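Residues in the sequence shown are numbered consecutively from 24, following the numbering used here.
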Amino acid sequence: MHFKIHNSLGNKLEKFKPIKNGQVGLYTCGPTVYNFAHIGNFRAYCWEDILKRYLIFLGFKVNHVMNLTDIDDKTIKGSIREKTTLSEFTQKYKDAFFEDIKTLNILPADFYPEATQHIPEMIQIIDKLLKNNMAYKSEDNCIYFSIKNFPTYGKLSNINIKKLKSGARIKQDEYEKDGIGDFALWKAWDEDDGTIFWETKFGKGRPGWHLECSAMSSKYLGETFDLHTGGVDNKFPHHENEIAQSEGANKKKFVNYWMHCEHLMVNGKKMSKSLGNFYTLRDLIEKKMNPLAIRYVLINSQYRQPLNFTLDGIEDAQKTLIGLQRFLERLREIEKLKENDSINEFVIQTTNNFSSAMNNDLNVPQATKHLFEFVRKINKLIDDDDLGKIGANQAINFLKHIDSVLGIIDFTEAFFELNDEQEELLKQRELARKNKDWKTADTLRNELLKQGIEIIDQKDGSTKTKQTKN
Ligand code: AMP
Ligand code: ZN
Numbered sequence: 024m025h026f027k028i029h030n031s032l033g034n035k036l037e038k039f040k041p042i043k044n045g046q047v048g049l050y051t052c053g054p055t056v057y058n059f060a061h062i063g064n065f066r067a068y069c070w071e072d073i074l075k076r077y078l079i080f081l082g083f084k085v086n087h088v089m090n091l092t093d094i095d096d097k098t099i100k101g102s103i104r105e106k107t108t109l110s111e112f113t114q115k116y117k118d119a120f121f122e123d124i125k126t127l128n129i130l131p132a133d134f135y136p137e138a139t140q141h142i143p144e145m146i147q148i149i150d151k152l153l154k155n156n157m158a159y160k161s162e163d164n165c166i167y168f169s170i171k172n173f174p175t176y177g178k179l180s181n182i183n184i185k186k187l188k189s190g191a192r193i194k195q196d197e198y199e200k201d202g203i204g205d206f207a208l209w210k211a212w213d214e215d216d217g218t219i220f221w222e223t224k225f226g227k228g229r230p231g232w233h234l235e236c237s238a239m240s241s242k243y244l245g246e247t248f249d250l251h252t253g254g255v256d257n258k259f260p261h262h263e264n265e266i267a268q269s270e271g272a273n274k275k276k277f278v279n280y281w282m283h284c285e286h287l288m289v290n291g292k293k294m295s296k297s298l299g300n301f302y303t304l305r306d307l308i309e310k311k312m313n314p315l316a317i318r319y320v321l322i323n324s325q326y327r328q329p330l331n332f333t334l335d336g337i338e339d340a341q342k343t344l345i346g347l348q349r350f351l352e353r354l355r356e357i358e359k360l361k362e363n364d365s366i367n368e369f370v371i372q373t374t375n376n377f378s379s380a381m382n383n384d385l386n387v388p389q390a391t392k393h394l395f396e397f398v399r400k401i402n403k404l405i406d407d408d409d410l411g412k413i414g415a416n417q418a419i420n421f422l423k424h425i426d427s428v429l430g431i432i433d434f435t436e437a438f439f440e441l442n443d444e445q446e447e448l449l450k451q452r453e454l455a456r457k458n459k460d461w462k463t464a465d466t467l468r469n470e471l472l473k474q475g476i477e478i479i480d481q482k483d484g485s486t487k488t489k490q491t492k493n
C-alpha cells in the first residue's frame, strides 16, 4: 500500500516519497495575526493536522514548520488603527491562535518562525535575486521580482503568463490573477507604514508577504524540501511567488509536493473576514459547541471538495461523538474474561481499511465509515454479552491507534463532565429535593435532560449523572 496524494504541482495523484527515507519536511502557511482566525482558516489547519498525523501514523518523522505572518499590509493597518506597536498588536492574536489550536486538538508544529524575526534571511534572498537578474529596484525605491526573467512562472497555478502586461507592478500583498505583474519583494517606507520599517542596505522599508515564507521555509527545512500546503486561495499569488523567489534565488527545485485544501463555505461563498460571513472558534465555544465536534466537522470531508458550514452540522457531529464516547465507556466497563474473546483479526482488517482510505489522498469520510462500522459491530457484541475483557482492551487500543490520526476522542474522563451552569442546576435540584420541593426538583431534572444530562438517583441518596444520546 502506498500513500498517494494529489500534487497541485502537475495536478495529479502521486505516490508520496520524501527526499530522506523516513523523514518529511513539511511547511504549512500560518495565520496572519491581525485578527482572530475564523473556522474557515481552521479547516485548513485541521486538515494539515490530519495530514501530519497520518504521516506520523505511517512511521515518518515529520519536521513541521508553520510561520506567523506578523508583518504585512493588514497587520500594519491594524496596529496603526489601534495606535499600538506592531508587536503589541500582533501578540494578542498570536496568543489566541495558540490557544485555539490547542482547543481543536491540533498537534503543535516544531517551529513557529515569525516574519519580523527573519528580516536578514529575507535580505539574503533579495541579494541572490538581484545577482541572478531576477529582481530590480524601481524608481519608487521598492525591489520587484522580474517575472519575465523566470520563464516557468505560473507552473503551480497554471496562469497564462502571456496575460502579463509589460511594466505591470504590484506593491500590495494580495491581488487577483487578472492583476498579474512583477510583485514587491521589498517595499520602501511610505506614510501608510507609520513607524514600522527596517533600516537596511536597500533603504528604509519592509518585506513583501510572499518573501517571508520563502525565507522561513528554507531556513528550517532546506532549499529543497518535501511538502508545502495551504488553502487554495494561497496557490496564486502567494505560493506561485514563493516558487519564483526560492527557485530564482537558489536555482534548484523548491518543493516536491504541493497540497491545497478547498474552502469552508457559507451559502455557496467562501467563509472570509472580508465577506463578514464567518464564525471564530470562540463564537462557537460561546454557543456551547464541543470543540472536538467542530474539529470532526472540519476534517470529515474530502479536503479537495468545498465544505458547507452549518450549525446543525456541528450538532449532528456532537451526537456522533457522544456515541463514540459511550462506546469507549462501555468497553472500559467490561470486566469479565471470556473464552475465544480476541477480536484481533477484525481490528487488523479495519485498520487496513482505514489505511487504504487514507492512502487514497486522505479520504477521511471513507476512513471514518470503517471506524463506525467497527463501533456498530462491537456494540452489538456487547449488547449480546459476547465481548470479554481481552476483546474490549483490543478495541480500546484500536480506538487509540485510529484516533492518533483523527484526534476526535477524549480518552480522559472529561468529555462527560458537567459545565459550570449544569453543575449549578444539579446543586439547585439537590437543594430542592432536601426541601421536599418536588416540583422544582422535577423542573430542574427536565432542564438538565434537555441538555442531554440524565440524573440517576442512587439508593444511598446521592446522585449520578449520565449523558443521554441526544
Ligand atoms: P490567512 O490568515 O488569510 O493568510 O489564511 C490562513 C490559512 O487559512 C491559509 O492557508 C488560507 O488559505 C486558509 N483559509 C482562509 N479562508 C479559508 C476558508 N474559508 N476555508 C479554508 N481555508 C481558508
Ligand atoms: Zn506562506
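Note that the Cβ used here is the ideal one computed from N, Cα and C, for glycine as well.
None of these values were measured; they are calculated from a predicted model.
Using only the heavy atoms of ligand 2, determine whether one of them is closer than 8 Å to the beta carbon of residue i.
i: G48; result: no
i: G495; result: Because the chain spans 24 through 493 in this model, residue 495 falls outside it and cannot be assessed.
i: T139; result: no
i: H261; result: yes
i: T113; result: no
i: T13; result: Given that the chain is displayed from residue 24 to residue 493, the structure contains no residue 13 and the question cannot be resolved.
i: E197; result: no
i: E265; result: yes
Taking all protein chains shown into account, do 16 or more other C-beta atoms lie within 10 angstroms of the C-beta of residue i, making it buried, or fewer, making it exposed?
i: K499; result: For the chain, the structure presents residues 24 to 493; residue 499 sits outside this window and is missing.
i: H283; result: buried
i: A380; result: buried
i: I13; result: Lying before the first or after the last residue shown, residue 13 is absent from the chain, which here runs from 24 to 493.
i: G253; result: buried
i: N493; result: Note on N493: pLDDT 42, under 50, position unreliable in the model; the coordinate value appears next. Result: exposed.
i: Q328; result: exposed
i: T55; result: buried
i: Q46; result: exposed
i: K403; result: exposed
i: D163; result: exposed
i: K310; result: exposed
i: D123; result: buried
i: N181; result: exposed
i: L315; result: buried
i: W281; result: buried
i: K75; result: buried
i: Q268; result: buried
i: Y57; result: buried
i: G411; result: buried
i: N257; result: buried
By Cβ distance, which residues of its chain are closer than 8 Å to residue i, with the 5 residues on each side in sequence left out?
i: K473; result: none
i: S324; result: L330, V387 and P388
i: I479; result: T486, K487, T488 and K489
What does DSSP give as the partner residues of residue i in its beta bridges?
i: D480; result: T486
i: V88; result: Y50 and F134
i: Y302; result: Y302 is not bridged to any residue.
i: R192; result: D205
i: A158; result: F168
i: V255; result: For V255, which the question treats as bridged, DSSP gives no partner whatsoever.
Below 8 Å, is the gap between the Cβ of residue i and the nearest heavy atom of ligand 1?
i: G53; result: yes
i: Y318; result: Note that residue 318 corresponds to Arg in the displayed sequence, not to Tyr. The answer is no for R318.
i: Y280; result: no
i: S295; result: yes
i: T218; result: no
i: C284; result: yes
i: A104; result: Reading the sequence as shown, one finds Arg at residue 104 and not Ala. Answer for R104: no, Cβ out of range of ligand 1.
i: D118; result: no
Cutting at 6 Å between CB atoms, please list the residues of its own chain near residue i, excluding the five before and the five after it.
i: T247; result: K275 and K276
i: T373; result: H393 and F397
i: F264; result: The displayed chain sequence assigns Asn, not Phe, to residue 264. The residues are F206 and H233.
i: N313; result: Q341
i: A67; result: G254 and C284
i: L7; result: A query on residue 7 cannot be resolved here, the shown segment of the chain reaching from 24 to 493 and no further.
Go to residue i, then tell me how far its beta strand (DSSP E) extends in each direction, as first and last residue.
i: M282; result: V278 to C284
i: F39; result: Per DSSP, F39 belongs to no beta strand (DSSP E) and is neither H nor E.
i: K210; result: D205 to A211
Using C-beta distances below 7 Å, list every residue in its chain close to residue i, excluding the 5 sequence neighbours before and after it, in chain order.
i: T172; result: Sequence inspection shows Asn at residue 172; the Thr mentioned does not correspond to that position. Taken in chain order, the residues that qualify are N156 and M157.
i: R229; result: I94, K210, D216, I219, F220 and W221
i: S378; result: M24
i: K200; result: I182 and F259
i: N367; result: Q417
i: T223; result: I146
How far does the alpha helix (DSSP H) with residue i in it reach, from first residue to last?
i: D433; result: It is not in any alpha helix (DSSP H) - D433 carries neither H nor E in the DSSP assignment.
i: A455; result: D443 to K457
i: T373; result: N367 to N382
i: H393; result: V387 to D406
i: E222; result: Looking at the DSSP string, E222 is not in any alpha helix (DSSP H); the run it does join, the beta strand (DSSP E), is W221 to T223.
i: A316; result: P314 to I322
Check whether the Cβ of residue i lies closer than 9 Å to any Cβ atom in chain C.
i: Y116; result: Reference to chain C is not applicable here, since this structure consists of a single protein chain.
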